[in-house]
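Protein chains in written order, with the working numbering: chain A, 1 to 512; chain B, 1 to 206. Note that beta-carbon positions come from the ideal geometry of N, C-alpha and C, so glycine has one too. Each remark here refers to the structure printed beneath this line.
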Amino acid sequence: MPRIPDRFAGAAIGLSVAAGVLVAYMLTLAPEVVWSGAGIDSGDLAAAVAVGGVPHPTGYPTLMLLGLAVRAIPLGDLALRLNVLTALAAAASLMPLGLLAARLRPGAGTVLPVSEAMAVAAVLALYGLAPLVWSNAIVTEVYAFASLFLWTSLYAAARALAAVTAEGKARWAAAAGVLLGLGTGAHITVALGAPALAVILLSDGWRQRTAWRLAAPAAAGAAVGCTVYIYVLIAALLDPPINWGAPTTLERFWSVVSGEVYRSRLGGSDVGATAAKAAWLLGEPVRQLTWVLLPLLAVGGVSLTRRHPRILLATGWIAISALGVGTLYTSRDDQVFTLPMLAVATLWSMLGVHEVARLAAAGRSAIRRLVTATLPTLLIATAVIRGTELAPEISMRDATHAGAFAHAVLVQAESGSVLLTEDDRATFPLWYARYASGGRTDVTILDLRLWQFAWYRQLLGRHAGIPTEVSPAALLASGEWPADRPLWAVDIEVRGTRSADVLATLRPLSPP
Amino acid sequence: MTRRLPAVASAALMVLLAVAALWPSAPPPARAQTAPDVRIRETAATSPEPPAGARPAQTLVTLRLSSAALDEDSRALPAGADLTLLAQPTYVALPGAGPNLLRVSPAFTVTARDASGRDIELSPAARLTFIQPDAAGASVFRLERNAWRAVPAVKLGHALVVQPARTGTYALFAELPPDWPLHDDLLTAVAMNAARLVVDDLVPNP
Numbered sequence: 001m002p003r004i005p006d007r008f009a010g011a012a013i014g015l016s017v018a019a020g021v022l023v024a025y026m027l028t029l030a031p032e033v034v035w036s037g038a039g040i041d042s043g044d045l046a047a048a049v050a051v052g053g054v055p056h057p058t059g060y061p062t063l064m065l066l067g068l069a070v071r072a073i074p075l076g077d078l079a080l081r082l083n084v085l086t087a088l089a090a091a092a093s094l095m096p097l098g099l100l101a102a103r104l105r106p107g108a109g110t111v112l113p114v115s116e117a118m119a120v121a122a123v124l125a126l127y128g129l130a131p132l133v134w135s136n137a138i139v140t141e142v143y144a145f146a147s148l149f150l151w152t153s154l155y156a157a158a159r160a161l162a163a164v165t166a167e168g169k170a171r172w173a174a175a176a177g178v179l180l181g182l183g184t185g186a187h188i189t190v191a192l193g194a195p196a197l198a199v200i201l202l203s204d205g206w207r208q209r210t211a212w213r214l215a216a217p218a219a220a221g222a223a224v225g226c227t228v229y230i231y232v233l234i235a236a237l238l239d240p241p242i243n244w245g246a247p248t249t250l251e252r253f254w255s256v257v258s259g260e261v262y263r264s265r266l267g268g269s270d271v272g273a274t275a276a277k278a279a280w281l282l283g284e285p286v287r288q289l290t291w292v293l294l295p296l297l298a299v300g301g302v303s304l305t306r307r308h309p310r311i312l313l314a315t316g317w318i319a320i321s322a323l324g325v326g327t328l329y330t331s332r333d334d335q336v337f338t339l340p341m342l343a344v345a346t347l348w349s350m351l352g353v354h355e356v357a358r359l360a361a362a363g364r365s366a367i368r369r370l371v372t373a374t375l376p377t378l379l380i381a382t383a384v385i386r387g388t389e390l391a392p393e394i395s396m397r398d399a400t401h402a403g404a405f406a407h408a409v410l411v412q413a414e415s416g417s418v419l420l421t422e423d424d425r426a427t428f429p430l431w432y433a434r435y436a437s438g439g440r441t442d443v444t445i446l447d448l449r450l451w452q453f454a455w456y457r458q459l460l461g462r463h464a465g466i467p468t469e470v471s472p473a474a475l476l477a478s479g480e481w482p483a484d485r486p487l488w489a490v491d492i493e494v495r496g497t498r499s500a501d502v503l504a505t506l507r508p509l510s511p512p
Numbered sequence: 001m002t003r004r005l006p007a008v009a010s011a012a013l014m015v016l017l018a019v020a021a022l023w024p025s026a027p028p029p030a031r032a033q034t035a036p037d038v039r040i041r042e043t044a045a046t047s048p049e050p051p052a053g054a055r056p057a058q059t060l061v062t063l064r065l066s067s068a069a070l071d072e073d074s075r076a077l078p079a080g081a082d083l084t085l086l087a088q089p090t091y092v093a094l095p096g097a098g099p100n101l102l103r104v105s106p107a108f109t110v111t112a113r114d115a116s117g118r119d120i121e122l123s124p125a126a127r128l129t130f131i132q133p134d135a136a137g138a139s140v141f142r143l144e145r146n147a148w149r150a151v152p153a154v155k156l157g158h159a160l161v162v163q164p165a166r167t168g169t170y171a172l173f174a175e176l177p178p179d180w181p182l183h184d185d186l187l188t189a190v191a192m193n194a195a196r197l198v199v200d201d202l203v204p205n206p
């Protein structure tokens with residue numbers, strides 16, 4: 001039976017699955033910014049990259065910096081390039097999971113049978129093809145980057161634990177900290193990985209009072225990684241047209257990077273509704289990864305308990321904290337906060353495959369042959385069927401409507417028009433079309449929801465030269481709105497979940 | 001017992017996840033968007049109200065593109081009045097009934113009421129006329145059970161006439177080239193020559 005050398009086992013599994021799902025991602029990739037599915041924010045993020053600005057809180061500096069690098073590549077539409085970047089990050093986020101599973105498997109240090117590797121790869125593929133993971137991988141979003149940095153950080157922590165020399169341990173611990181810090185710049189919830197890192201890195205040294213030897217480099221690394229947030233400050237000082245919160249003072253900077261504007265969405269539901277939501281989200285691993293993985297997940301949990309209890313604690317914390325955030329936070333995409341829980345379930349399931357293979361190898365040859373043949377076949381078939389079934393449903397290949405809407409609106413807008421919006425689906429694609437595609441510098445997009453903020457009115461006053469003391473509606477009613485700035489209202493009506501189900505209309509506003 | 005604890009815990013976890021996966025109802029999707037959706041009273045009314053006062057028959061009314069607005073406009077009409085509604089140049093360009101079939105006019109919801117607010121219905125002679133000089137291959141669609149369905153329309157020069165017309169939501173659709181949305185010129189031309197809707201022969205209910 002063919003076998004894979006131990007040192008290549010994790011990389012072989014991770015790379016092969018990453019390459020496979022990347023093909024699926026590219027085949028279903030959104031061609032531009034979108035207004036449906038997981039990517040409603042794509043217009044905001046892409047527009048912010050286009051102008052070197054600050055997108056909605058928490059500013060997402062890691063994505064912005066990577067985006068600026070992609071912006072420098074003169075190849076195709078910027079939004080498409082950013083979508084490709086997201087797909088690459090999502091595929092790459094499978095690598096640390098593959099590497100971790102190989103390092104934690106029962107037979108680590110020995111060769112890995114190819115049939116076992118294929119079964120593990122199929123489990124990892126099921127994660128990559130899970131609807132929640134897939135839909136966030138094919139349009140510009142932050143969660144693939146968050147996952148990549150979180151799990152690479154945990155892998156580095158596991159390497160620190162296994163390193164032989166003190167220098168090696170410190171180096172890997174510092175790397176884990178840097179990656180975690182960078183991860184918070186991808187999404188703030190990555191900070192919840194800090195206790196997991198602490199459990200992995202510090203539990204040995206705690207009793208011997210040597211914990212600082214790993215804690216210090218990890219903390220220093222995290223501090224270095226968090227310096228990525230300096231981007232937010234620098235970008236804001238340059239006064240770009242997309243500059244959420246205008247975080248040029250310490251107070252405003254903290255407001256943006258801590259997501260102050262969204263804090264009211266944390267909690268607030270009654271106990272019954274919260275419990276029902278938690279119960280629903282707890283079922284996500286099974287719904288997203290299929291029932292096939294459930295017994296493997298349980299076996300993997302037993303394996304971790306016996307062999308790597310601190311990894312069990314660390315990953316358990318990540319899963320529970322993700323469930324907690326998903327439960328307590330209320331937004332249209334709160335389900336996405338359970339992504340780390342899915343990754344944990346995948347890791348445990350991969351270890352479950354290894355454990356089952358180990359038990360089978362210790363059993364009679366008939367059982368061994370049965371497991372060797374059946375398990376990979378079942379899992380690969382599940383992954384293939386799952387991917388084939390979901391592809392048409394998840395695909396964003398035809399999601400051209402947001403871009404077409406924004407482009408056509410700007411083409412037709414009268415000179416000096418001010419477009420009033422009050423829906424992300426209108427504002428963000430219009431921002432992208434206005435600031436990334438160029439051409440209509442005379443047109444102003446005015447989001448009525450953001451009008452409540454002084455920083456937004458000041459920004460519009462500086463960039464668009466429109467009156468900001470009183471609302472456009474009030475000025476229009478009193479006949480004081482400037483005649484050379486025609487006002488149009490953009491209405492959005494959502495009739496379904498597909499890109500084509502959003503009805504957008506533009507209507508002129510005229511004085512009474 | 002201690003040796004069996006992990007297995008027992010894992011079995012319990014498996015049962016818990018299985019039960020949760022069978023949880024009967026998903027929580028309703030939250031409506032919160034990225035931009036904080038706090039409406040400001042001052043800016044809430046972005047649509048200025050039309051001039052006050054009853055409109056005489058045959059008045060040209062600027063149609064605002066919502067069923068509520070049209071309904072409100074119709075209330076002010078004397079019973080049985082002829083009404084001409086002119087759609088402002090507008091933009092709606094979304095697939096509605098096929099790969100290259102795009103809505104190029106607003107969705108006109110024809111709701112008819114008399115001056116006292118009573119429902120009235122269109123007589124069999126009522127007709128809807130869409131003026132669509134540049135919308136090649138245009139046809140009129142009616143919204144039925146959330147799906148757009150083509151209705152018979154007679155082509156008269158640059159006009160498409162639907163008769164008899166019923167109350168409901170109508171829109172003009174046109175076929176655009178397969179390379180849409182990159183064909184900007186045609187899209188613009190079509191959108192800037194949006195439909196003209198004529199509603200007449202309003203009669204009160206018995």
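Query: Coarse secondary structure for S471 of chain A, derived from DSSP in three states; Result: coil
Query: Three-state secondary structure assigned by DSSP to N83 of chain A; Result: helix
Query: Opening and closing residue of the beta strand (DSSP E) in which W488 of chain A lies; Result: 487 to 494
Query: A513 of chain A versus A:N136, A:T58, A:S437, A:D6, residue with shortest Cα-Cα distance; Result: Within the shown structure, residues of chain A are numbered from 1 to 512, placing residue 513 of chain A beyond reach of any answer.
Query: Residue-level contact to chain E via CB, L450 of chain A, 8 Å cutoff; Result: The structure shown contains no chain E; its protein chains are A and B.
Query: Endpoints, alpha helix (DSSP H) assigned at R306 of chain A; Result: 293 to 307
Query: CB contact flag (D44 of chain A, P57 of chain A, <8 Å); Result: no
Query: Under the three-state DSSP convention, the category E284 of chain A falls into; Result: helix
Query: is_contact[A20 of chain B, chain A] using C-beta, thresh 8 Å; Result: yes
Query: Every unbroken alpha helix (DSSP H) within the region 350 to 418 of chain A, with a cutoff of 4 residues, ordered by chain; Result: 365 to 394, 401 to 412
Query: Chain B contacts made by the region 271 to 290 of chain A, where a contact means CB separation under 9 Å; Result: A273, A276, K277, A278, A279, W280, L281, L282, G283, E284, P285, V286, R287
Query: Meets three-Cβ-pair contact criterion under 8 Å: the region 341 to 349 of chain A and the region 315 to 324 of chain A; Result: yes
Query: Beta strand (DSSP E) segment containing V140 of chain B, residue limits; Result: 139 to 144
Query: Inter-residue spacing [alpha-carbon to alpha-carbon] between T274 of chain A and L88 of chain A; Result: 35 Å
Query: For A174 of chain B, three-class secondary structure by DSSP; Result: strand
Query: Neighbour list for W148 of chain B in chain A, Cβ cutoff strictly below 8 Å; Result: Chain A residues near W148 of chain B: none, gap ~11 Å exceeds 8 Å.
Query: Buried versus exposed, by CB contacts within 10 Å (16 or more), D239 of chain A; Result: exposed
Query: Presumed contact (8 Å Cβ cut-off) between A108 of chain A and D204 of chain A, rounded CB distance; Result: The Cβ separation is near 18 Å, so there is no contact.
Query: Touch test, the region 212 to 220 of chain A against the region 3 to 21 of chain A, Cβ-Cβ under 8 Å, three pairs minimum; Result: no
Query: Under 8 Å (Cβ pairs) to chain B, residues found in the region 458 to 477 of chain A; Result: V470, S471, P472, A473, A474, L476, A477
Query: Check whether G76 of chain A and M396 of chain A have beta carbons under 8 Å apart; Result: no
Query: Presumed contact (8 Å Cβ cut-off) between T338 of chain A and E284 of chain A, rounded CB distance; Result: 5 Å
Query: Residue range of the unbroken alpha helix (DSSP H) whose run includes D442 of chain A; Result: Here D442 of chain A belongs to no alpha helix (DSSP H), and DSSP marks it neither H nor E.
Query: Three-state secondary structure assigned by DSSP to G52 of chain A; Result: coil
Query: N- and C-terminal bounds of the alpha helix (DSSP H) containing Q335 of chain A; Result: Segment: none, Q335 of chain A is in no alpha helix (DSSP H) and carries neither H nor E.
Query: Residue range of the unbroken alpha helix (DSSP H) whose run includes Q458 of chain A; Result: 454 to 464
Query: Close-in-space but distant-in-sequence residues of the same chain around V178 of chain A (CB under 6 Å, 5 per side omitted); Result: G221, V224, G225
Query: Neighbour flag for A153 of chain B against chain A, beta carbons, 8 Å; Result: no
Query: Any chain B beta carbon closer than 8 Å to R3 of chain A; Result: no
Query: Straight-line gap, R425 of chain A to I492 of chain A (C-alpha atoms, nearest Å); Result: 7 Å
Query: Secondary structure of W213 of chain B, DSSP reduced to three states; Result: A query on residue 213 of chain B cannot be resolved here, the shown segment of chain B reaching from 1 to 206 and no further.
Query: Through-space distance from A278 of chain A to A20 of chain B, alpha-carbon basis; Result: 9 Å
Query: CB contact check: T169 of chain B to chain A, cutoff 8 Å; Result: no
Query: Paired residues, beta bridge with G43 of chain A - DSSP; Result: Per DSSP, none; premise fails for G43 of chain A.
Query: R457 of chain A and T468 of chain A closer than 8 Å at C-beta; Result: yes
Query: Complete alpha helix (DSSP H) runs within the region 127 to 175 of chain A (minimum length 4 residues, chain order); Result: 131 to 135, 143 to 162
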